[in-house]
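Protein chains in written order, with the working numbering: chain D, 10 to 98; chain V, 1399 to 1794; chain L, 595 to 1066. Built from N, CA and C at the ideal position, the CB exists for glycine as well.
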Amino acid sequence: MPEIIIDGRAVTVADGVTVAAALMSEGIRSWRTTRIAGNPRGVFCGMGVCFDCLVTLNGEPNVRACITPVEPGDVIDSQQGTGHDGGVS
Amino acid sequence: MNDANPRRAFDAIVIGAGVVGACCAHYLIEAGLQVAIIDRGSVASGTTGAGEGNILVSDKGPGPELDLALLSRRLWFELIDVIGDRAELEPKGGVVIAHDGATLTRLREFAEVQRAAGVETHDVDPMQLRELEPHINPQIPGGVHYPQDMQTQPMLAAAHLIARGVQSGRLSRMTDTEVTEITRDESGRVTGVRTLSDVISAPIVVNAAGTWGGQVAALAGVDLPILPRRGFLLVTEPLPITVHHKVYAADYVANVASDSEGLETSAVIEGTRGGTILIGSSRERVGFDATLDWSIVQRLAAQAVEVFPMLAGVQLLRTYGGFRPYCPDHLPVVGADARVPGLMHACGHEGAGVGLAAATGYLIAQAVTGRPLDLSLEPFAPVRFDSTPERVGAHA
Amino acid sequence: MSGDPLDATERDVVVVGAGAAGMSAAYAAARAGCTVTIIDANPVAGGQYHRRRIDAATYRPRGCDDEAVWRRIHIESATTVYAVEIIDHGTQRIFGVRTRGDDRHRRDVDLVRARRLIIATGAYDRPLPVPGWDLPGVMTGGGAQALIKGSGVLPGNRVVVAGTGPFLLAVAQAILEAGGSVAAVVEANDPVALRRHRSALTNVGKAGELARFITSLTRHRVPYLRRHRVTRVHGDTTVTGVTLARVDASWHATPGTDRFIEADTLTLGYGFTAQTDLPAQLGCTLQVSADEGLAVTVDDDQATSVTGVYAAGESTGVGGVDLAGIEGLLAGAAVARSLDHPSPLRDEPALRRSRDRMRAFADALATAFPLRSGWRDDLEDDTVVCRCEEVPAGRIRNAITELGAHDARTVKLLTRAGMGWCQGRVCSLAVDRLCPRSATLDGQARAATRPVAIPVPLGAVADINLQSRRES
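Have a look at this one:
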């Protein structure tokens, strides 16, 4: 059972789940706000097509939570706007 | 599809609803004419919908095109007063960079000549470059800042100009309407156009068909040597504002002026209001083949990353391509066609159509109404390529 | 990644997609003696229907059980094809397949060379916009199913399953089986018409499955509301309920039939969109299929209009997992024959007959659950249509009425609808159907033109090792 960090909080999630499933099993339904209206978004298509579920994973923004499997030690952060708002590196 | 307008007789018909056609229609109705704008596709569906929206002076050396560009730049501010902020005009300025000392010397010599011709230019060293563009590669030895360069969203500019004309009641918008013939009377004078389903009359027909201007000219029986010069643009994921100016490499100017048929690329990088970064530019003469060539994408990406290293981790979201209307001497065709009375051309602007559109429409309206011209149209004369005998009447 | 890009391995066949179609195709081609690589975006093979947890048993399609054959097949999982191109146009046609790793490894790019391509990229859900559909808690039916099958996580506590088609029943069933609660299944059409197809249903072995779904709904006391639509989603930061209305045959809501249902999750799905990005990049002929969406045109051998490119499964028209498997076998066999290998299939004529029968049934099913236009009534001016670029319906309507846009491409240029991350995969159907000139093959094909099928970092694209064209 991998241990990961979600928005600074350490949690243990089930084996073999996606980042989106890990977030949802923690009761989190939204982990991104849109860049224009700042509206909350979470899983929509669930299969990598719609890019609504973008999340920052280990510092890398705009990762599709729905098709990315969790790995032990992952640091998952919710993201705002373009995901690059802290600056492009 | 036509707007509900039963009118079939006009003072002028503009063929082509791109940004040049829109500007022609705008200035013609401002001059008091009743106008129809016809396009076989939709508004801005040709090269206008495939460009970056450049309004540039930086890439032009002294001469008729620069004069046209400077006039056009002034007129664009008037157009924006008319349609408001909806065309997303950004007077953000351009920065031209040189990758080595020799190129920098040539670039600064070029800028000095431009300055004498009325272009505002400022030489910038690496430190000033980083003030203008904080993310730029610090190894770039310097460049020139051109505060007058601007960008607009050309599809919106064209669509809003046309929409405003329609609302004024002086412009009829006829899209999805293909012109099959430019009709003439026995004397060879233009009488209007025939479309797939209609006959529309007007004593003046303006050919603003861009890359397809040669085909439209042929509908009146005359030749115009306009060829497609293909270009691709890369579009990144949306970012916060990271690239502040239109930034391009000095070899761009040489490539624009080149007569080569082969592939030429040079780094052109700029942000948009939508947040995406546009990366160009490629030029090649391969007819109307729109298939994406990944070796071009690779080159454009590599050149862009060289100028802005932070782009390496930024994702390419999509690409689009289009066909610039290219004339052998790289000048547009603007003005009356001496071979066919009543036929005006406003096409062949290559990659500068958005920038030159305002002045093109303005001068076309002056020519149509017989007013004195702000700028001589002689360098842009349609017959300048014509070595063949007059062909009027050949298809009459 | 498969080897050094400078010395890229050339395979007889690259199969894109490891669902039922792709896996069957790869098996058939490999069994006949071809060298085969399968490239699939997911961490484990199986596709959408056979989506499974990473630690689950390996997926094998029906009739593909010789493990010696599988050992010869190279499966490149967690790898996405972002572009395909023809590298060599000669008689020895060579395709370049450009790949990148999953989102964790998206800088890992590669160029795989192949003599034949089999496109088995499947399909994705086809949602339609409704006020509030951008709230967290609204997802596609396939998305809900993927959460359950792939991660064992329920999409919510109380789910309304809405849209049209038999897939709604499958989604509800998956939720119920996983211990979830379904508030209602909301079907816009009246599938009474299905009864006409009862013999066909029996013929293709689908009658039992549907009956099982219906029984399950009854046992769990889940209402199956036909001729109903969700016309509004309520909630502030997440879904708190939906408004339903009874609709007529064109899906226009009947006044006075509104009803609120409490729920924390809504799934939407009005059929599926075939994934046609790669064949479109190659210039393969597309067609409008029975469900009014696009599909790759294929011949009796599953060959597309571009020599050397074959397609199987949902990308050739949505038809279900069994059809996809058979199409895959036939595509794999045809590719093997084109490379001078004997057919690996024992009774190809029988397979072709099954395929044709199942395809005819799929088309009949699609016409029993048609796409109507009444959903457009729901859209308010501020209802988001393009979720990526947050383009509201009002701006799209304005582009049409004021700016003279008649088709989806012009609306896109004037509003940015379809220009965002998903490149119109989610909204292009709705945008198209809001336009006066809609549902044309040309218009839909243009909207589905995506030269970059999946975003890829510029630094990776710039990698000189991936050069496919010799510079002159």
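Limits of the beta strand (DSSP E) - the one that residue i falls within
| i | result |
| --- | --- |
| L:Arg826 | His822 to Gly829 |
| V:Leu1869 | What the structure shows of chain V is the stretch from 1399 to 1794, and residue 1869 of chain V is not part of that stretch, so it cannot be assessed. |
| V:Met1708 | No beta strand (DSSP E) contains V:Met1708, which DSSP labels as neither H nor E. |
| V:Val1522 | His1520 to Val1522 |
| L:Tyr904 | Val903 to Ala905 |
| L:Ser775 | Ser775 to Glu781 |
| V:Gln1713 | Gln1713 to Tyr1724 |
| D:Asn71 | Glu69 to Arg73 |
Spatially closest choice to residue i from the options, by CA coordinates
| i | options | result |
| --- | --- | --- |
| D:Leu63 | L:Arg1031, L:Ser1022 and L:Trp1015 | L:Trp1015 |
| V:Arg1769 | V:Arg1406, V:Ala1407 and V:Tyr1425 | V:Tyr1425 |
| L:Ala772 | L:Ile742, L:Ala623, L:Val786 and L:Lys800 | L:Ile742 |
| D:Ala30 | L:Asn783, L:Thr867 and L:Ser745 | L:Ser745 |
| L:Arg853 | L:Phe866, L:Thr867 and L:His822 | L:His822 |
| L:Gln869 | D:Asp94, D:Val58 and D:Asn67 | D:Val58 |
| V:Phe1408 | V:Gln1432, V:Leu1709 and V:Gly1563 | V:Gln1432 |
| L:Ala766 | L:Thr734, L:Ala930 and L:Asp1001 | L:Thr734 |
| L:Leu924 | L:Ala620, L:Asn636, L:Val841 and L:Val1005 | L:Ala620 |
| V:Leu1729 | V:Gly1629, V:Gly1672, V:Thr1593 and V:Ala1467 | V:Ala1467 |
| D:Gly55 | L:Arg665, L:Pro721 and L:Thr693 | L:Pro721 |
| L:Asp1036 | L:Asp1001, L:Val1005 and L:Ser909 | L:Asp1001 |
| D:Gly47 | L:Glu984, L:Ala993, L:Val675 and L:Pro943 | L:Glu984 |
| V:Arg1472 | V:Val1732, V:Ala1757 and V:Gly1672 | V:Ala1757 |
| L:Pro1045 | L:Val675, L:Cys658 and L:Ala962 | L:Val675 |
Close beta carbons around residue i, own chain, < 7 Å, minus the five adjacent residues each side
| i | result |
| --- | --- |
| V:Arg1789 | Caution is warranted here: a pLDDT of 45 is assigned to V:Arg1789, below 50, making its placement in the model unreliable, and the coordinate value is therefore given only provisionally. For V:Arg1789, where only same-chain residues beyond five positions count, the Cβ hits under 7 Å are Gly1619, Val1620 and Arg1737. |
| L:Arg919 | This sequence places Gly at residue 919 of chain L; Arg is not what is there. If we look at L:Gly919 and ignore the five residues flanking it on each side, its Cβ neighbours are Ala614, Ala615, Ser618, Pro655 and Arg656. |
| V:Thr1445 | Gly1416, Gly1608, Thr1609, Gly1720, Phe1721, Arg1722, Pro1723 and Gly1751 |
| V:Ile1478 | Ala1485 and Leu1487 |
| L:Ser967 | Ser844, Trp845 and Arg1027 |
| L:Leu932 | The amino acid at residue 932 of chain L is misidentified as Leu; the sequence shows Ser. Correct list, in chain order: Arg710. |
Cut-off 8 Å between Cβ atoms - residues of its own chain near residue i, not counting five sequence neighbours on either side
| i | result |
| --- | --- |
| L:Glu1065 | Model confidence at L:Glu1065 stands at a pLDDT of 38, short of 50, so the residue's coordinates are unreliable; what they give is reported in the following sentence. Closer than 8 Å at the Cβ level, and outside the excluded window around L:Glu1065, lies no residue. |
| L:Asn819 | At residue 819 of chain L the sequence reads Leu, which differs from the Asn that was named. Cβ neighbours of L:Leu819 beyond the five flanking positions: Ala778, Val779, Val780, Glu781 and Leu838. |
| V:Leu1527 | Val1493, Ile1495, Ile1534, Ile1538, Gly1540 and Gly1541 |
| L:Asp934 | none |
| V:Val1712 | Thr1634, Glu1635, Leu1637 and Ile1675 |
| L:Ala740 | Gln642 and Arg645 |
Beta-carbon proximity list for residue i, same chain, < 6 Å, skipping 5 on both sides
| i | result |
| --- | --- |
| L:Arg1063 | Note that L:Arg1063 has pLDDT 45, beneath the 50 cutoff, so the model's placement of it is unreliable and the number below is only indicative. Cβ neighbours of L:Arg1063 beyond the five flanking positions: none. |
| L:Arg605 | Thr629, Thr631 and Ala708 |
| L:Arg1003 | Arg1040 |
| D:Val52 | Ala29, Cys62 and Cys75 |
| V:Glu1518 | Pro1545 and Gln1546 |
| V:Glu1682 | Arg1628 and Leu1661 |
| V:His1793 | With a pLDDT of only 40 at V:His1793, under 50, the local geometry of the prediction cannot be trusted, and the value read off the model is given with reservation. The answer, listed in chain order, is Gly1619. |
| L:Tyr653 | Ala639, Gly640 and His644 |
Start and end residues, alpha helix (DSSP H) containing residue i
| i | result |
| --- | --- |
| L:Arg617 | Here the sequence assigns Met to residue 617 of chain L, which means Arg is not the residue at that position. Note, L:Met617: alpha helix (DSSP H), Ala614 to Arg625. |
| D:Ser34 | Val28 to Ser34 |
| L:Ile769 | Phe761 to Glu771 |
| V:Ala1616 | Gly1611 to Ala1616 |
| L:Asp871 | Asp871 to Leu876 |
For the structure I just gave you, are there three or more beta carbon pairs, one from the region 1007 to 1023 of chain L and one from the region 970 to 990 of chain L, closer than 8 Å? yes
Relative to chain D, which residues along the region 660 to 687 of chain L have a C-beta separation below 9 Å, given in chain order? Ala672 and Thr674
Contact between the region 624 to 632 of chain L and the region 664 to 674 of chain L: three or more CB pairs below 8 Å? yes
In the region 996 to 1007 of chain L, which residues sit with their C-beta less than 8 Å from some C-beta in chain V, listed in chain order? Of all residues in the region 996 to 1007 of chain L, Glu996, Leu997, Gly998, Ala999, His1000, Asp1001, Arg1003, Thr1004 and Leu1007 have a Cβ within less than 8 Å of some Cβ in chain V.
How do the region 1686 to 1698 of chain V and the region 1013 to 1033 of chain L stand: do at least 3 beta-carbon pairs fall below 8 Å, yes or no? In short, these stretches do not touch, since the Cβ pair count stays below three.
Below 8 Å, how does it come out for the region 1640 to 1656 of chain V and the region 1451 to 1467 of chain V: are there three or more Cβ pairs, yes or no? Taking a cut-off of 8 Å for Cβ pairs, the region 1640 to 1656 of chain V and the region 1451 to 1467 of chain V touch, as three or more such pairs fall below it.
Residues of the region 44 to 71 of chain D whose Cβ lies closer than 7 Å to any Cβ of chain V, in chain order: Arg44 and Asn71
Validate contact between the region 639 to 646 of chain L and the region 948 to 962 of chain L using beta carbons, cut 8 Å, 3 pairs: no
Inter-stretch contact (C-beta, 8 Å, three-pair minimum) for the region 831 to 848 of chain L and the region 866 to 881 of chain L: no
Listed from N- to C-terminal order along the chain, which residues in the region 13 to 30 of chain D have their beta-carbon within a distance smaller than 8 Å of any beta-carbon of chain L? Ala23, Asp24, Gly25, Val26, Thr27, Ala29 and Ala30
Scan the region 1633 to 1665 of chain V for residues whose Cβ lies nearer than 9 Å to a Cβ of chain D and list them as they occur along the chain. Glu1635, Pro1636, Leu1637, Pro1638 and Thr1640
Determine, using beta-carbon pairs with one atom in the region 1578 to 1594 of chain V and one in the region 1448 to 1456 of chain V, whether at least three such pairs fall under 8 Å. Result no; under three Cβ-Cβ pairs closer than 8 Å.
According to a CB-to-CB cut-off of less than 7 Å, which residues of the region 964 to 986 of chain L neighbour chain V? none
Quick one, which residues of the region 716 to 729 of chain L are near chain D if we go by CB-CB under 7 Å, in chain order? Tyr718, Asp719 and Asp728
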